[in-house]
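From first to last, the protein sequence lines are chains A and E.
In this text, residue positions in the first sequence follow our numbering: the first is 1, and each later residue adds one.
In this text, residue positions in the second sequence follow our numbering: the first is 152, and each later residue adds one.
The C-beta atom is built at its ideal place from N, Cα and C for all residues, glycine as well.
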Amino acid sequence: MPNYTFSVNGKTVTVDAPADLPLLWALRDKLGVKGPKYGCGIDVCKACTSHLDGEKINPCVVPVSEAEGREVTTIEGLAQGDKLHPVQEAWLEQDVAQCGYCQPGQIMAAVALLKKTRNPTDAEIDEIENVCRCGTYFRIREAIRSAAAKM
Amino acid sequence: MASPPQSEPTRIGRRGFLTFLVAAPVLTVAADLATEAVAPGTANAVVPTLPAPADLTDLGDILILAGTPTANMLVLQVERDNRVHLQLPRAEVGQGLTTATAMLVAEELDVPLDQVVVTLSDARTELLFNQLTGGSNSIRSLYTPVRTAAATARARVVAAASERFGVPAAKLVTRGGAVHTADGRSAGYGELTAAAARSTLAIGEVRLKPEAQHNVVGTPTSRVDARAMVTGQQRYTLDLDVPGAMPTMVRRPPTINGTVRAITNEAAVRAMPGVLALAVVPTGVAVTAETFGQALDAKNALQVTWNGGTVDNLSDVDIRKQLHAAALPFVVPPLLTQYVDAEFDFAFVSHAPMETNSAIADVRGDSAEIWAGLKSPIVAKQTIAQAIGLPVDKVTVHVVQGGGSFGRRLFFDAALEAAQISKAMKRPVKLMWSRIDDMRHGRARAASHHKIRATFALGQVLTFEHRVASVETDFRHGLGEILTATAAHLPVAGNLSFAQTVFLTTVKSPYNFGVTTQLLNEVPLQMHTGSFRSVYSANTRGAEEMVVDLLAAKLGKDPVAFRREFLKTDRQRAVLDKVASAGNWGRAMPKGFAQGVAVHDEYKSCTACLVEIDARDPKAPRVVKAVIAADVGRPINPRGLQAQLLGGLTDAISTTLRAGLHIDKGLPLEGSYSQFHYARQKDTPTDVQIFVMPANGEPGGAGELGLPAAVGAIANAYTCATGTRPTSFPINFPVDFDPFPR
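This is the structure we're talking about:
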């Protein structure tokens, strides 16, 4: 099997994997990076949302070969040491999470949105498609509004 | 884990709760569970309705009473590092129970919340009925025992400090996890715990802190695990590293409960990259591989011929026909009075928690170890032991925090399947169901049909009859252990008597509508059903709230004014008044928009919900605003309660408007969230206000409370906005996708 070398949360890693293995499984099963979650495997639920070179991706449908030489950021790489990202802070302030399973993906999607637009409208927040089966959407919306106000 | 009690029990409070000192080097206290059913409230009648069974004793009471004889339910330990550790025999699946119980301990022990650690107990067979998480009973059953255990621990550390400082206990105060003297000396609990563990230590009377002095309980508090969740550190079953447990998936049959006849390409699949093992199990063909990606490819590549399942010829139209035929007849003929008749149908609904069904199993020749999110771990342990041929005490079942449940994790099918696979493969396995399998072969809320007739005259409702016909809801998890689970399997009384018990102890009308009867008849189909948040109430009470609007219209009354007049209690009227005023009930709305309101009372709690809907396009309506009020008697964590009500609202938006399962020739068509339309951000309101009423009694249930009223409010708003009364739910339910291959 070929080797792929890329960065995960600032650390260079090399994985030995088939070219078409979804990045999600390279992260979870080969590298032990468990923040991105499986929820559907077909880019529908978005629970695995992470960033590739700062752009939002869903690693369940991105082959590991595409990560070669690039920077992958997962939820684990968002905080600077103990200092949380403002979006994570906003999530704590609004006590968004219930079961928490989708929240790494929700937070990574919110960070990507706030990168694109500093003050997202309700319509822009509506475009986040990540499923939250606990139904925390309103708190997610409030957390994004709050993070936007602070950033 | 608890050793036999070392001491004579300490008796606390007027109800005589018992606590025991457990022999241990640090202070360890165990508490009994014991309580009594709360006396029924009295109805101040319009045309009075006799109390329904659920008014007298509800499901939560039954679960609590069933658990009463079990001792040492809770174990609380004061560690040398000042942390206080509570072992909780319940599941945490997002409902916030670990936070609420940590708050109870923090309150009673005067210890900072972040020093309290709550862990989920392994399956403990000695707890019998007392390790089931369901029926919204957890806080109701734990409120006093947890405080009692903590109060006993507090009395012991105070007694130990009294010895150390030579100061009478009455002159000592506890604050911030330490005991303080008036002259400024203090000792942390960690320093005192060894001395406090001595059985010879004399302690005075143990008293619970008066509720009026609570300053943690009742204060909005964030989840204790929130930081782990937002940093990706929260560990779910599939995130655990169990040595040697490799990714495993199962190829499942084309119809529910089908079985493997033959595999025609086994050698080719075994030779695929990364594949480590393959085994046939009762539910399909299991494949273990280096990664889940490879396990998925391999299971998809399998060529399997299948034996038929249990409902191969059944589709929605057949099920609906059976349900309509099964609805019991009305008793009251509509001859002498005016009346309304209404009928409603509700589709199957997948629980669809984000974390799919999953489990880790390591079955050896003489022992087994299991990890999974389990709400009934005792019956899981007993059933797994039987299935793999080991004595029960050789099977260890760890309860892992789950990624959502909504009733789903009452069933332990993944844990059982993982154990069977591990045994067959002779290796540990980490089993994950695909989302498609989770939706098609997992559990679902049963489809139901509802017939309602109400008669009225001279401004009064004289009779209210509700006939529910439902596909059987599977209660074969029993009360969480093998005795009642076995009873639920018996052919004669069996599951149906369980179902009737649950129906009769949960479903009741909050209104004085004269002679009220609510009857259930179930159609036993061998499908995978299970309790879904609020069990029968979402559909049953949701439908009734639509008929309440219909009655109000017939009597020429405003829906809020009509409800105020006929509700049974002041608590119910108070939550209704709250949403009506905060939600500006009756305000003018543009064409295509409307308000809707509904009330629900269950588990000694009550709630009202007011929504505003934008149904300018009736095929794509959106709830744009919601105002909810809830009276749960005594809220422990108002913030967690609001989260539960928000979840109930989102469940109601989803299942009322768009989310359901179509059954086609023995299998649900829906296989992912692109097809099962659970709400996304764009489907939910941008304005939500949730009011928690002040404490006025004992804690009631809260986890399931929010859903039924929201169903009624949304359906009523939709009716008002569109001028069309929906009778089939979800309202917009086309097959708007290409189903995945079977």
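I think residue 586(E) touches residue 41(A), with their Cβ atoms under 8 Å apart; what is that distance to the nearest whole Å?
7 Å
Since residue 840(E) sits in a beta bridge, which residues does DSSP pair it with?
778(E)
The region 133-148 of chain A: which residues have C-beta closer than 8 Å to a C-beta of chain E, in chain order?
133, 134, 135, 136, 137, 138, 139, 140 and 141
Here's the rule: buried if 16 or more other CB atoms are within 10 angstroms of the residue's CB, otherwise exposed. What is residue 527(E)?
buried
Any C-beta of chain A under 8 Å from that of residue 378(E):
yes
Looking at chain E, is there any beta carbon in it that lies within less than 8 Å of the beta carbon of residue 97(A)?
yes
For a contact defined as C-beta to C-beta under 9 Å, what are the partners of residue 76(A) on chain E?
382, 383 and 384
In the DSSP assignment, the alpha helix (DSSP H) including residue 88(A) goes from what residue to what residue?
86-93
Measure the CB-CB distance between residue 747(E) and residue 830(E) and report whether it falls below 8 Å.
no
Establish whether the CB of residue 120(A) and some CB of chain E are separated by less than 8 Å.
no
From the DSSP secondary-structure annotation, give me the bridge partner or partners of residue 435(E).
432(E)
Where the alpha helix (DSSP H) through residue 867(E) begins and ends:
857-873
Can residue 660(E) and residue 713(E) be called in contact, C-beta distance under 8 Å?
no
Determine which residues of the region 317-330 of chain E have a Cβ less than 7 Å from any Cβ of chain A, and write them out in chain order.
none
Taking residue 522(E) as the reference, give the member of 389(E), 636(E) and 227(E) with the closest Cα.
389(E)
By DSSP, does residue 400(E) sit in helix, in strand, or in coil?
strand
Give the secondary structure of residue 254(E) by DSSP, where H, G and I count as helix, E and B as strand, and everything else as coil.
helix
So for residue 876(E), helix, strand or coil by DSSP?
coil
So does residue 615(E) have its beta carbon nearer than 7 Å to some heavy atom of the ligand FMN?
Judged by which ligands are present, the structure shown has none, so any question about the ligand FMN falls away.
To which residues of the same chain is residue 352(E) closer than 6 Å at the C-beta, ignoring the five residues directly before and after it?
310
Contact set between residue 586(E) and chain A, taken where Cβ atoms lie within less than 9 Å:
38, 39, 40, 41, 42, 44 and 45
Going by DSSP in three states, residue 756(E) sits in which element: helix, strand or coil?
strand
Who are the neighbours of residue 101(A) on chain E, taking C-beta pairs under 7 Å?
387, 505, 506, 554 and 555
What number of angstroms, rounded off, separates the C-alpha of residue 559(E) from the C-alpha of residue 598(E)?
16 Å
Excluding the 5 residues flanking residue 147(A) on each side, which residues of the same chain have their C-beta closer than 6 Å to its C-beta?
86, 87 and 90
Report the rounded CA-to-CA distance for residue 397(E) versus residue 34(A), giving the unit in angstroms.
15 Å
Beta-carbon neighbours of residue 836(E), restricted to chain A and to distances below 7 Å:
138
Would you say residue 298(E) and residue 479(E) are within 8 Å of each other, going by their C-beta atoms?
no
DSSP beta-bridge partners for residue 457(E)?
411(E)
Does the Cβ-Cβ distance between residue 812(E) and residue 857(E) come in under 8 Å?
no
In angstroms, rounded to a whole number, what distance separates the CA positions of residue 592(E) and residue 325(E)?
54 Å
From the beta carbon of residue 79(A), is the nearest beta carbon of chain E less than 8 Å away?
yes
Under 8 Å between C-beta atoms, does residue 576(E) make it to chain A?
no
CB contact below 8 Å: residue 761(E) versus chain A
no
To the nearest angstrom, report how far apart residue 171(E) and residue 344(E) are at their CA atoms.
15 Å
Applying a beta-carbon distance threshold of less than 8 Å, which residues of chain E neighbour residue 131(A)?
505, 824, 829 and 831
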